[in-house]
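J.:
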Amino acid sequence: MTARRLSHLNEAGEAHMVDVSEKSVTERSATAEGFVSMAPETLELILSGDAPKGDVLATARIAGILAAKRTHELIPLCHPLPLTQVTVDFAPSRDPAGIRVEATAKAEAKTGVEMEALTAVSVACLTIYDMVKAVDRAMTFSGIRLTEKTGGRSGTYRKR
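Just so we're aligned: 24 in the working numbering is position 20 of the sequence shown, and the numbers increase by one with no gaps anywhere.
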């Protein structure tokens, strides 16, 4: 990997917001994923729709979308972006027991939407935990990562 200067540090090494005023507006998208591990009984409770707090996945989807829209308020130095679409999807797994969470964010902007996709996944995972923590406090999150990004000067990235 080639050494690069970190764009969020100025010449004095101080954190600053990157100036994107000279960049072109392009279509950008990013997809991220994560996995919530849980007891098989917890997964069944979620899938049956019988969780005491209500529809776990619908609530997690809305939370993830809202989080993506507010990423610039949560992560210092992120630019507010005019998101054109955010999706949050779930894939239950019986072995290992859990739920794969995938989020995609899209925008026509001067900077990428990777942080928005990662924030959506993270908050959706946290919401799943919050909705069923009364029955399974041992849930864990893993594998939260960027899986793909398109647009911008650096081009396309896909996980290996």
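Every residue gets a Cβ at the ideal spot worked out from N, C-alpha and C, and that includes glycine. Bear in mind that the values here come from a model prediction, so they are computed numbers and not experimental data.
Quick check on the DSSP output: what are the complete beta strand (DSSP E) runs of length 3 or more inside the region 82-113, in order along the chain?
T.: Those beta strand (DSSP E) runs which fall completely within the region 82-113 and span 3+ residues are 87-98 and 101-113.
J.: Please classify I79: does DSSP put it in a helix, a strand, or coil?
T.: I79 falls in the coil class under three-state DSSP.
J.: Could you check how far apart the C-beta atoms of V1 and A107 are, in whole angstroms? I think they sit under 8 Å.
T.: Nothing can be reported for residue 1, as the shown portion of the chain is limited to 5 through 164.
J.: K27 to L87, Cα distance in whole Å?
T.: In a straight line, the C-alpha of K27 is about 17 Å away from that of L87.
J.: Which two residues bound the contiguous alpha helix (DSSP H) that contains V224?
T.: A query on residue 224 cannot be resolved here, the shown segment of the chain reaching from 5 to 164 and no further.
J.: Going by DSSP, what residues sit across from S33 in a beta bridge?
T.: According to DSSP, which records beta bridges pairwise, S33 is partnered with K110 and T154.
J.: What's the C-alpha gap between R164 and A101?
T.: Rounded to whole angstroms, R164 to A101 spans 24 Å at the Cα level.
J.: Thinking just about the alpha-carbon of each residue, which of R162, I148 and A109 is nearest to the one in R32?
T.: The candidate whose alpha carbon is nearest that of R32 is A109.
J.: Smallest Cα separation from T75: which of C129, A121, G156 and V40?
T.: Out of C129, A121, G156 and V40, A121 has the C-alpha closest to the C-alpha of T75.
J.: Output the distance between the C-alpha atoms of M5 and S52, rounded to the nearest integer angstrom.
T.: The predicted model places M5 with a pLDDT of 48, which falls under 50 and marks its position as unreliable, so this point remains unresolved.
J.: Return the chain-ordered list of same chain residues with a C-beta closer than 8 Å to the C-beta of T160, the five sequence neighbours on each side being excluded.
T.: Excluding sequence neighbours, T160 sits near E152, K153 and T154.
J.: Considering just the uninterrupted stretch of the alpha helix (DSSP H) at T63, what are its terminal residues?
T.: Where T63 is concerned, the enclosing alpha helix (DSSP H) stretches over V60 to K73.
J.: According to DSSP, is T160 helix, strand or coil?
T.: Note: T160 maps to coil in three-state DSSP.
J.: Buried or exposed, going by whether 16 or more other CB atoms sit within 10 Å of the CB of G156?
T.: With 16 or more other Cβ atoms within 10 Å, it is buried.
J.: Do you know offhand how far I148's Cα is from Y133's?
T.: Straight-line Cα distance between these residues: approximately 15 Å.
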